[in-house]
Amino acid sequence: KDSKNAAIIVREVAYAMGWRESSGVSEDCNANVFWYERAISVAEVKLLNECQRVNMIPGMHDIAKKTSLARALTRMRTLFPADFDFFPQTWTLPSQLDAFRAHLEESRRKDSTFIVKPSGGSQGSGIYLTRTHENLSQHASAVVQTYIDPPLLVDGFKFDLRLYVLIVSVQPL
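In my numbering, each number is its position in the sequence shown, counted from 1, plus 206.
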């Protein structure tokens with residue numbers, strides 16, 4: 207839903223600036239900006255010249271999925287515990303369902319609440335709270351986290367931050 211609205215807005219602004227729409231990156235293309243609504247490949251990036259810009263980088267969709275981001279953050283927490291202590295204990299499903307069940311058995315705290323977020327969900331869709339593992343699917347891709355209670359509120363409402371960043375270079379990656 208958001209990507210469709212973003213594409214409409216980008217297209218309207220581009221036309222208002224007198225820009226033309228192109229079908230994509232190619233070696234003979236002289237466009238300056240490429241706006242992708244899907245993952246961009248390394249091969250497509252290699253076709254860009256120095257003055258051309260894109261709105262995505264290869265691998266971006268991997269960190270946009272909750273399970274991929276959770277795995278990456280958990281790895282970083284293992285390597286740099288003091289620097290990556292800013293997020294609650296996290297399990298990725300279905301691969302860590304047994305570990306989550308074991309955590310529940312070991313802790314024996316029935317008052318603990320966990321938040322379950324579908325990996326590809328957005329805008330709160332499919333998110334729910336649970337105190338047990340019984341209603342968790344063995345096949346669903348999701349993230350389970352210890353629920354932070356009480357949650358931080360702004361004017362009495364839960365909120366999230368959506369950040370947009372400009373990456374000016376991926377060299378020397």
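Ideal Cβ placement from N, Cα and C applies to all residues, glycine included.
So for ARG259, helix, strand or coil by DSSP?
strand
LYS323 in three-state terms, based on DSSP:
strand
Closest Cα partner of PHE290 within the set PRO300, ALA220 and LEU275
LEU275
Of the residues GLN302, GLY332 and LEU367, the one placed nearest GLN344, counting alpha carbons only:
GLN302
The alpha helix (DSSP H) with THR273 in it runs from where to where?
272 to 285
Cα separation between PHE363 and ARG283?
29 Å
Which value, in whole angstroms, describes the spacing of the CA atoms of LYS207 and MET262?
With a pLDDT of only 48 at LYS207, under the threshold of 50, the placement of this residue in the model should not be trusted; the figure read from the coordinates follows. Whole-angstrom Cα-Cα distance: 18 Å.
Does the distance from the CB of THR319 to the CB of TYR370 come in under 8 Å?
no
Just list the residues that DSSP pairs LEU335 with in beta bridges.
ILE321
Pull up the distance between the alpha-carbon of GLU227 and that of ARG244, whole angstroms please.
16 Å
Take GLN295 and list the residues in its own chain whose beta-carbon comes closer than 6 Å to its own, dropping the five residues that flank it on each side.
THR352
From LEU254 to ARG337, what does the alpha carbon distance come to, in whole angstroms?
50 Å
Exposed unless 16 or more other CB atoms sit within 10 angstroms - verdict on LYS252:
exposed
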